[in-house]
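For reference, the structure is listed below as structure tokens.
Number of protein chains: 2
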Amino acid sequence: MTAKYKEIALQLKTRILNGSYSSTNALPEQMILAKEFSTSRMTIQKALDILRKEGIIFSRQGSGTYIKQNVNLLAKLDTMSDEYVGLTKSTAGKGVITSEIIDFDIRFPNELEQKNLLITAHEPVYEIRRLRFLNKQPLLLEYTIMPNSCIPGITESVLYHSIYSYIEEELKLVIGAATRHIRADKSNHYDQKYLDCSVSDPILEVEQVVYLDSGIPFEYSKTRHRFDRGDIIVVNLNSKKSE
Amino acid sequence: MTAKYKEIALQLKTRILNGSYSSTNALPEQMILAKEFSTSRMTIQKALDILRKEGIIFSRQGSGTYIKQNVNLLAKLDTMSDEYVGLTKSTAGKGVITSEIIDFDIRFPNELEQKNLLITAHEPVYEIRRLRFLNKQPLLLEYTIMPNSCIPGITESVLYHSIYSYIEEELKLVIGAATRHIRADKSNHYDQKYLDCSVSDPILEVEQVVYLDSGIPFEYSKTRHRFDRGDIIVVNLNSKKSE
DNA sequence: TAGTGGTCTAGACCACGGT
DNA sequence: CCGTGGTCTAGACCACTAA
Chain A
-2 MTAKYKEIAL QLKTRILNGS YSSTNALPEQ MILAKEFSTS RMTIQKALDI LRKEGIIFSR
58 QGSGTYIKQN VNLLAKLDTM SDEYVGLTKS TAGKGVITSE IIDFDIRFPN ELEQKNLLIT
118 AHEPVYEIRR LRFLNKQPLL LEYTIMPNSC IPGITESVLY HSIYSYIEEE LKLVIGAATR
178 HIRADKSNHY DQKYLDCSVS DPILEVEQVV YLDSGIPFEY SKTRHRFDRG DIIVVNLNSK
238 KSE
Chain B
-2 MTAKYKEIAL QLKTRILNGS YSSTNALPEQ MILAKEFSTS RMTIQKALDI LRKEGIIFSR
58 QGSGTYIKQN VNLLAKLDTM SDEYVGLTKS TAGKGVITSE IIDFDIRFPN ELEQKNLLIT
118 AHEPVYEIRR LRFLNKQPLL LEYTIMPNSC IPGITESVLY HSIYSYIEEE LKLVIGAATR
178 HIRADKSNHY DQKYLDCSVS DPILEVEQVV YLDSGIPFEY SKTRHRFDRG DIIVVNLNSK
238 KSE
């Protein structure tokens, strides 16, 4: 059974997206909602908190709770803010992703890798290079470092599919935060060879550290994208409720 | 006076970053914290919610509340996820930002601008081109469209400083969500002229729509960055508490 | 000044983890 | 099984907005 406040949030969200409230742009007051759902005001507030965090409503003390004017847009984009984790998931429906393994090794980490993954020089890491295709066209080059202790049992068959679904479904780990550095760069001979691009083509590089839910970093990687096959989309919901 | 739960969150955060709790990696139970701060458990939970949203703790039902292992790193990065809004703010302390106005006009919007800013063809927009310098070195070219109705009263003196501080401090508006598309591109003759880069230099382009707290879009812009002066940093805290 | 959302309380029961 | 966090209640007072 799901929590009551989540159920209420879902129902309210549905109504908002349906347009059931849009005539006035304001939601009923919390006491009225509490009576309608035969619950307490605190529970209604927890439900509204979810919608606030999702960016589809906002409240003004002393005034009321209102629907944001671009709900439909945000509702669409909302799904995208998490999509970024894992290429296989993010391109679902847009085409077929395939992978070619260029290199797959295990070795000791260098200093940069130790620093980013918070490990010592004695903890072995996987070193993975993959070329990934979208509809058989080269899309990006991936260079991934993962600590063996954290993500054990990677095999070539895992690499041909999706590392992320292996982590979530097989290892039952929950993926948490990530920090990414995004930059443009000139192409090098590796890019030219594998991504089939010319010397003058720029490259979009993403360098990232990804953490598990517990805060343990499990991936340090660089991906180099062909500049002409897809942007990176970043959504910033900016709900500063906590400050 | 600030809310009690925010005060408690701040105190707990300070202790966590101090290392006061790190010996065990677990926080005291909610009842004990409630007694210590002479408050109710609900209030403690609201405080913990903040720290969860900030990504520095996580809880397991039936077990306890734990500190994430890379708190210091995340605490540092945390400030950066919002930094992205407004260049003047984001580079504070890293150098001096100056601006040169290349173009400043008012006109009717084209179709793309109408679609992104959710306005009609009859609502005038500002068209602003600025070249921005970091420590007198050209950093990026900015091409900004803002609806006049939404952000009135822009003048050249505003443009020489910061549009965002004008919006927040003069107009008293609150900036909310943003969606960004990030890509690499070849430099064009504009880039080469203003950013003083060569034909073979790549460009990092960011195309974004920025919304007010109320959900009204107020900026559609493209910025073209020199590839060798600073990455874009994106932090994804991924706290799926609401799902 | 009336009515709204924001905060807070002191209890209660449930779901889950570890024993 | 016990102890933890997760949810929920039925009130209360305060802060703010708008008339």
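Chains as they are written, first to last, in my numbering: chain A, -2 to 240; chain B, -2 to 240.
A virtual CB, placed ideally from N, CA and C, is assigned to each residue, including glycine.
For residue 42/A, there are no neighbours in chain B by C-beta distance under 7 Å, as the nearest C-beta there is about 11 Å away.
Within chain A, no residue has its beta carbon less than 7 Å from that of residue 59/B; the closest one is some 16 Å off.
Residue-level contact check: residue 109/A does not touch chain B, since none of the beta carbons of chain B fall below 8 Å from its beta carbon. Between residue 61/B and residue 23/B a beta carbon distance of about 5 Å is seen, short of the 8 Å cut, so the two are scored as contacting. DSSP lists no bridge partner for residue 190/A. Excluding its 5 nearest sequence neighbours in each direction, residue 28/B has C-beta neighbours in its own chain below 7 Å: 38, listed in chain order. Of all residues in the region 173 to 206 of chain B, only 173, 174, 175, 176, 177, 178, 179, 180, 181, 182, 183, 197, 199, 200 and 201 place a beta-carbon less than 7 Å from a beta-carbon of chain A.
The three-state secondary structure of residue 196/B, taken from DSSP, is coil. Under the three-state reduction of DSSP, residue 139/A is assigned to strand. Close partners of residue 67/A in chain B (Cβ separation under 7 Å): 115, 208, 212 and 214.
Each of 192/B, 13/B, 41/B and 208/B was checked against the Cα of residue 136/B, and the nearest Cα belongs to 192/B. Proximity of the region 106 to 113 of chain B to the region 193 to 201 of chain B falls short of the contact definition, fewer than three beta-carbon pairs being nearer than 8 Å. When the five nearest sequence neighbours on each side are left out, the beta carbons in the same chain lying within less than 8 Å of the beta carbon of residue 64/A are those of 13, 18, 19, 22, 23, 24, 53 and 54, in order along the chain. Residue pairing from DSSP leaves residue 149/A without any beta-bridge partner.
At a cut-off of 8 Å between beta carbons, residue 233/A contacts chain B. At a cut-off of 8 Å between beta carbons, residue 52/A contacts chain B. About 4 Å separates the beta carbon of residue 180/A from that of residue 228/B, a gap short enough to meet the 8 Å contact definition. Just measuring C-alpha positions, the residue of 44/B, 187/B, 134/B and 212/B sitting nearest residue 92/B is 134/B.
With respect to residue 157/B, residue 96/B sits close: the two C-beta atoms are nearer than 8 Å. Residue 229/A has a beta carbon lying within less than 8 Å of a beta carbon in chain B. It is roughly 6 Å from the alpha-carbon of residue 100/B to the alpha-carbon of residue 125/B.
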